[in-house]
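Quick notes on the structure that follows.
Listed below in structure tokens is the structure:
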């Protein structure tokens, strides 16, 4: 298995919208009608032979059953569901050597760990997440630990990644007190995602205060410590981030913009910002979700618009929109990229869309297949 799910799915906006960004049922105006949905998994040309899909379940009003394992025997063969592990709101997944971990995005907040045997999940242990509504989990290679962001709790927790440890205790730090200008969404800190830096620390996206909070983790005690704060434009609502070379790209969930930061001394400062699609910053009902960098291109999904936008840096270093395409469903919460193919978790339409990527531009094409899966929230290829 791979050692990470990538740059995070995000949080608190499941079928019961804890963070107030809408109901998830395709709010806003889409740009395409998507594809005909088939119940049987279909065909595509990508390379993975296994997919792990997290979901929102009945505990938050979702229609998912837990974590679904899909397999195929070879590229081009049909996907088959081979296992469903029941869990409450396993909305984000990450893999470590021989194991898979999920956050249970409930009020109580749990981290669920499984061992992996021949691709199947075997429940190993569960631990408190250190806060309410954990929405993202990261494997931190510097400390060898799991890092969990608790959206409602506004905390960041670190705990052992060893699934055999049944008495794991989360070491937790609260994000600095503050708020932003969007009153219904930014009344207090909301930890959305943790990501690594090239220099060995972590950056925590705080949607509630328009900050990236830098955290260092002691590799022995696993105690997290806040070592810096980096500011974004007021009302940006940082959700997910990804590195593009030595610059950081941040998806603003609330202002529907991408913010590109560069390091100046010990600070990350905004170099420039661009709309996620033409006119997005003045549109209503649109909320960027997942962000990823692949092959020098920046990909971002936008809920409400129900699209995937693709950017590349121009000669002047500024991001330029290459193209935008429908996501193959509604309310795209997360996606995963494999060679030539993107898998999109369309939470609002209860579907996973398999999109080919243009080899020249990287822009997604018409779906190769769209198959039914209840309230998908995160996709992890293996």
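In my numbering, the protein residues as written are 2 to 383. All residues carry an ideal CB built from backbone N, CA and C; glycine is no exception. Please read all numbers here as calculations on a predicted model, not as lab measurements.
Is it buried or exposed for residue i, if we count other Cβ within 10 angstroms and need 16 for buried?
{"i": "residue 215", "result": "buried"}
{"i": "residue 220", "result": "exposed"}
{"i": "residue 265", "result": "exposed"}
{"i": "residue 290", "result": "buried"}
{"i": "residue 194", "result": "buried"}
{"i": "residue 74", "result": "exposed"}
{"i": "residue 200", "result": "exposed"}
{"i": "residue 167", "result": "exposed"}
{"i": "residue 270", "result": "exposed"}
{"i": "residue 99", "result": "exposed"}
{"i": "residue 385", "result": "Shown here, the chain extends from 2 to 383; a query on residue 385 therefore has no answer."}
To which residues does DSSP link residue i through a beta bridge?
{"i": "residue 219", "result": "Residue 219 pairs with nothing; no bridge assigned."}
{"i": "residue 307", "result": "According to DSSP, which records beta bridges pairwise, residue 307 is partnered with nothing at all."}
{"i": "residue 379", "result": "55"}
{"i": "residue 102", "result": "95 and 114"}
{"i": "residue 394", "result": "Nothing can be reported for residue 394, as the shown portion of the chain is limited to 2 through 383."}
{"i": "residue 269", "result": "264"}
{"i": "residue 67", "result": "87"}
{"i": "residue 249", "result": "244 and 262"}
Relative to the alpha-carbon of residue i, which residue among the options has its alpha-carbon at the smallest distance?
{"i": "residue 89", "options": "109, 161 and 347", "result": "109"}
{"i": "residue 383", "options": "190, 97 and 352", "result": "97"}
{"i": "residue 224", "options": "262, 337, 172 and 270", "result": "172"}
{"i": "residue 198", "options": "280, 323 and 144", "result": "144"}
{"i": "residue 339", "options": "324, 183 and 356", "result": "356"}
{"i": "residue 304", "options": "100, 317, 296 and 281", "result": "281"}
{"i": "residue 307", "options": "381, 362, 87 and 349", "result": "349"}
{"i": "residue 164", "options": "212, 378, 122 and 346", "result": "122"}
{"i": "residue 268", "options": "336, 353, 213 and 369", "result": "213"}
Kindly give me the distance between the Cβ atoms of residue i and residue j, rounded to whole angstroms, as I take these residues to be in contact under 8 Å.
{"i": "residue 147", "j": "residue 102", "result": "6 Å"}
{"i": "residue 274", "j": "residue 292", "result": "Contact flag wrong, Cβ pair sits at about 14 Å."}
{"i": "residue 151", "j": "residue 192", "result": "6 Å"}
{"i": "residue 58", "j": "residue 69", "result": "Incorrect: roughly 11 Å between the Cβ atoms, too far for contact."}
{"i": "residue 174", "j": "residue 156", "result": "7 Å"}
{"i": "residue 245", "j": "residue 301", "result": "Not confirmed; about 12 Å, so no contact."}
{"i": "residue 92", "j": "residue 111", "result": "Between residue 111 and residue 92 the Cβ distance is about 12 Å, and since that is not below 8 Å, they are no contact."}
{"i": "residue 334", "j": "residue 255", "result": "Wrong, their Cβ atoms sit about 16 Å apart, outside the cutoff."}
Pick helix, strand or coil for residue i, following the three-state DSSP scheme.
{"i": "residue 168", "result": "coil"}
{"i": "residue 158", "result": "strand"}
{"i": "residue 61", "result": "helix"}
{"i": "residue 285", "result": "coil"}
{"i": "residue 255", "result": "coil"}
{"i": "residue 133", "result": "coil"}
{"i": "residue 50", "result": "coil"}
{"i": "residue 360", "result": "coil"}
{"i": "residue 366", "result": "coil"}
{"i": "residue 333", "result": "strand"}
{"i": "residue 142", "result": "coil"}
{"i": "residue 191", "result": "coil"}
Less than 7 Å between the CB of residue i and some heavy atom of the ligand NAP, yes or no?
{"i": "residue 143", "result": "You won't find the ligand NAP in this model; it holds no ligand whatsoever."}
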